[in-house]
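Protein chains: 2
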Amino acid sequence: MGVSELDHAVCRENVLKPMDAEQLREHAHKMVDFIADYYKTIEDFPVLSQVEPGYLRKLLPDSAPDKPESLQSVLDDVQAKILPGVTHWQSPNYFAYFPSNSSVAGFLGEMLSAGINMVGFSWITSPAATELETIVLDWLGKTLKLPEEFLSAGQGGGVIQGTASEAVLVVLLAARDRVLRRVGKNALEKLVVYSSDQAHSALQKACQIAGIHPENCRVLKADSSTNYALNPDTLNQAISRDISIGLLPFFLSATVGTTSSTAVDPLLALGKVAKCNGIWFHVDAAYAGSACICPENRHYIDGVEEADSFNMNAHKWFLTNFDCSPLWVKDRNALIQSLSTNPEFLKNKASQANMVVDYKDWQIPLGRRFRSLKLWMVLRLYGLENLQSYIRNHINLAKYFEGLVLEDKRFEVVTPRTFSLVCFRLLPPDNTEDGGNKLNQDLLDAVNSSGKIFISHTVLSGKYILRFAIGAPLTEEAHVTAAWKVFQDEASALLRSL
Amino acid sequence: MGVSELDHAVCRENVLKPMDAEQLREHAHKMVDFIADYYKTIEDFPVLSQVEPGYLRKLLPDSAPDKPESLQSVLDDVQAKILPGVTHWQSPNYFAYFPSNSSVAGFLGEMLSAGINMVGFSWITSPAATELETIVLDWLGKTLKLPEEFLSAGQGGGVIQGTASEAVLVVLLAARDRVLRRVGKNALEKLVVYSSDQAHSALQKACQIAGIHPENCRVLKADSSTNYALNPDTLNQAISRDISIGLLPFFLSATVGTTSSTAVDPLLALGKVAKCNGIWFHVDAAYAGSACICPENRHYIDGVEEADSFNMNAHKWFLTNFDCSPLWVKDRNALIQSLSTNPEFLKNKASQANMVVDYKDWQIPLGRRFRSLKLWMVLRLYGLENLQSYIRNHINLAKYFEGLVLEDKRFEVVTPRTFSLVCFRLLPPDNTEDGGNKLNQDLLDAVNSSGKIFISHTVLSGKYILRFAIGAPLTEEAHVTAAWKVFQDEASALLRSL
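Heads up: the sequence lines are chains A and B, in that order. Take the first sequence: its letters are residues 26 to 523, numbered as in the numbering used here. Take the second sequence: its letters are residues 26 to 523, numbered as in the numbering used here.
Next up, the structure:
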């Protein structure tokens, strides 16, 4: 078949035009209104979805359609079938886990990133994506007063990971390979990782992935005597013991704002222990890092100058839509040595001449979205002063809630509040066998199944604890007041029924 | 300080309201118009950004602003400072690497996902996100005629990974841990991985991460005698050799549509070798998987019934904005055994009762976006018939381009075209020392720096090859014709200058 015949074959076919600018305009305007209306009505939904497992399979067909359907029919299905199965993280009555902030600026950044839809694995595939990321992470690093070694002018720099899980994994790999290059790769089974028992499960998962032997993961006990922070003496003793039996301590992860109770590990003292022992020191400030943009909170990361890597989640409490997890390292080459590949099909002059950053070598995946746009938009459209007041407002609301709990003698605040999380519980009647754990679990179930608020829980020193985490962008004082009334009413009902 | 005082303190502060539904509506409508206008003018930009390394640092301030700025000032900066640094993957004149499709439907799905902004790590955190993902991956699995074991009704199922890199990593980990549970974890150094030398670098990176020893990664030679497909005999011999020296073969990755030349490994024969030897068999159809929704192309994945896992990128050639990389496995428990954690703060009744899927245990990160929305929208707003015609159109355009190359005797087509990639090169004058490699590199530089089109390259059997990959959603026949004229003109100029 000659060229001209093929030519005709191409022309004859009635071909889908999936990216028509005017159709995009028309349909996306509709979607904007749909989303804006969602936010207007968000308080009408139960915060925690009340559907049963398997609900959606009964509502959708068994296979994809052969013919196109209209946008309206899809939006109708979103309203009728999808939204009832959504747990509304952006509801002002969402107080579970930690927040995952949306904002107008973050949303606009997501839109623009999806609009440009480029894949920024190497500098050449969109120089702006790489360079804006470097610049904005320098901005944020300066705002947090991170030491200069974490900024891009030296040997370090920042990179946006998807999540804190990926952040701790990439630095664990960098640390693993750094020590294995020195002692030989068959020493993997001797490598030891340290953290408190309050560290996030992401560390355990990173160890599983990296092949660290589970029996070499030192999960050091932290208790109420230190408000669940890791004691540097405990760390020091564990390291000495491991060295004495021929093991190789190589990685410490400390947390600023633990998931259970926002405990703050003492970075300076821990960092000195790590440094003495040649251990990579990672700081996980996934939640509380955002708070440290306020001068009055900056002291919580004092000692970060001892760290090799520092991570916070802009998608938690910094108004940047999920996902956006900035990570800073002092030695970018350690990351690159673990994570780089250099296949022929990706070679290009700028990369080969070592003139540019190729972020593919700082992360697990190859492809990457233009995530710095949304962080840049948040910083510019709000400005640091507003962002500081945003954080302070949530901390004040948490103080207010803590005060409410303290005034009701049926409850106790379990650990001192540090940021915007209040850990509390309903006190059980005397001689309750399990110390009130079932009572509090029942209280959690009752408030969550009311649909009025959504909270989550933890266990500290064997006690089942309710976590009230303030940080959704729409939460105002009235929501906190109303939430407290839900707790009081459900507690009264439960106590009556005993 | 009592509750009432705190109350006042909260009220007094002038607090940012970052998620106001009417501001979202107003600003997002502006952003829609900005993006629609971008698509209207996309052909006015050089496809490959022509900026110099470091260009953006000169244009932006050194630190984040204290005060808020207007959306208009940010959009002005996007136009003046960001877009010149963008390489326009959605341009109809983009023919590099593989495509990364945007579409109206994919874009709407991204918008909605960013609007809801929930984090679906466990079923309870948004049942709809988990359930829609399972359903849509069953739809797509049926469309591809994957064996039933890959669907969710049995022991297997689908999950959306961010990228093919993460897909191959999670199955490599599952396979690693499955064999180590059997033979003991100190056997890591004996594990052997197999692929052809045409496999994507993501496999090498996954091995680095998983701690597979580099000398145990068998990169088996594939050459023009098999059109760069892996020969099952070569595999068989390598496995036998490794077993004879006490090593443990455990993982094979085959590719349907290799990155360099879209070679297709013979799945059926390779799968039988894998099965005989108890090896996990992964199929990477990142690029070409999409083409297999057309009945006439389905045979390229014949033999997938022998595989343990199968992956394609919906974000490449399936109109689903980046990132969206569906992975199917036959044994979901193998994934879960490698990747699950179960911290107290994530426990909930549905998960504890084992009634639901928690996708956090099928992937590297904990958090995850509502990515199934965009794939669902693509399938519904276009329908399978349109999606098939979309694929066929690109394949026809590639045939057309191949015909153009074949008609110009100064060029050669290097490998037979299979899908929508044409591998070709300019023939050098006789007795050119390097066989024409520099000539073709110069041709690539010339066409790319013209800004008119963007292509990339590879090396096959020592020859530098130009890759012309058709698949951008806006590409029409006229763009292909014009692109060919760019090659011809630049080739004439180069040959004249010799």
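For glycine and all other residues, C-beta sits at the position ideal for the given N, C-alpha and C.
Using a Cβ-Cβ cut-off of 8 angstroms, A/E94 counts as an interface residue toward chain B, since at least one Cβ of chain B sits closer than that to its own. Residues of the stretch 135-146 of chain A with a Cβ closer than 7 angstroms to any Cβ of chain B, in chain order: E135, M136, L137, A139, G140, I141, N142, M143 and V144.
In the structure shown, A/P274 falls within a strand segment according to DSSP collapsed to helix, strand and coil. Contact with chain A is found for B/S363, since one of that chain's Cβ atoms lies less than 8 angstroms from the residue's Cβ. Residue range S397 to E432 is occupied by the alpha helix (DSSP H) that includes B/Y425. A/E458 sits in coil when the DSSP states are folded into three classes, being neither helix nor strand. Under the Cβ criterion (8 angstroms, minimum of three pairs), the stretch 174-193 of chain A counts as touching the stretch 380-392 of chain B. Three or more Cβ pairs closer than 8 angstroms define a contact, and the stretch 84-99 of chain B falls short of that threshold against the stretch 480-499 of chain B. Those residues of the stretch 54-76 of chain A placed with their C-beta closer than 7 angstroms to a C-beta in chain B are H54, M56, V57, D58, I60, A61, Y63, Y64, K65, S74 and V76, ordered along the chain.
For the stretch 224-253 of chain A, the beta-carbon criterion of a distance under 8 angstroms to any beta-carbon of chain B is satisfied by H225, S226, A227, Q229, K230, Q233, I234, A235, G236 and H238.
Annotation: A/G209 is outside any alpha helix (DSSP H) and is labelled neither H nor E by DSSP.
Residues of chain B whose Cβ lies closer than 7 angstroms to the Cβ of A/T483 are, in chain order, E369 and F370. In the structure shown, the three-state DSSP call for B/Y219 is strand.
With 16 or more other CB atoms across the displayed protein chains lying within 10 angstroms of its CB, B/D290 is buried.
DSSP places A/G296 in the uninterrupted alpha helix (DSSP H) bounded by L292 to C301. Think of a sphere of 8 angstroms around the beta carbon of A/S414: the chain B residues whose beta carbon falls inside it are E38, N39, V40 and L41, in chain order. The DSSP assignment places 462-474 as complete runs of the alpha helix (DSSP H) inside the stretch 434-486 of chain B, in order along the chain (cut-off: 4 residues). Uninterrupted beta strand (DSSP E) stretches at least 3 residues long and entirely within the stretch 114-162 of chain A do not occur. Cβ contact annotation for B/A299 (same chain, cutoff 6 angstroms, sequence separation greater than five): L277 and F306, in chain order. Per DSSP, reduced to three states, the secondary structure at B/F370 is helical. A contact between stretches requires three or more CB pairs, one per stretch, nearer than 8 angstroms, and the stretch 74-92 of chain B fails this requirement with the stretch 47-63 of chain B.
Proximity of A/A153 to chain B, defined by a Cβ-Cβ separation below 8 angstroms, is satisfied. Shown here for B/L452: same chain residues with a beta carbon closer than 7 angstroms to its own, the five before and five after excluded, namely R435, F436, E437 and G461 in chain order.
Looking at B/D433, B/L464, B/D455 and B/H419, the one whose alpha-carbon comes closest to that of B/R442 is B/H419.
For the stretch 333-353 of chain B, the residues whose beta carbon sits under 9 angstroms from a beta carbon of chain A are, in order, N338, H340, L344, N346, F347, D348 and S350. The beta carbon of A/T457 does not come within 8 angstroms of any beta carbon belonging to chain B, so the residue lies off that interface. For B/S522, the enclosing alpha helix (DSSP H) has its first and last residue at E502 to S522. The residues L292 and L293, in chain order, have a CB closer than 7 angstroms to that of B/D327 in the same chain once the five nearest residues on each side in sequence are set aside. Rounded to whole angstroms, the separation of the alpha carbons of A/G303 and A/L273 is 10 angstroms. Per DSSP, A/W342 is not a residue of any beta strand (DSSP E); the alpha helix (DSSP H) it occupies stretches across A339 to W342. Beta bridge pairing from DSSP links A/I490 with A/T483. Taking the Cα of B/Q223 as reference, the smallest distance to any Cα among A/E369, A/N241, A/S116 and A/A154 is reached at A/E369. The C-beta of A/R207 has fewer than 16 other C-beta atoms within 10 Å across all chains shown, which makes the residue exposed. At a beta-carbon threshold of 7 angstroms, the residues of chain A lying near B/Q48 are V129, ordered along the chain. Close to B/K297, with beta-carbon spacing below 8 angstroms, lies no residue of chain A; the smallest spacing is near 29 angstroms. Cβ-Cβ distances below 8 angstroms link B/E515 to L468, A471, V472 and S475 in the same chain, with the five nearest sequence neighbours on each side left out; the list follows chain order.
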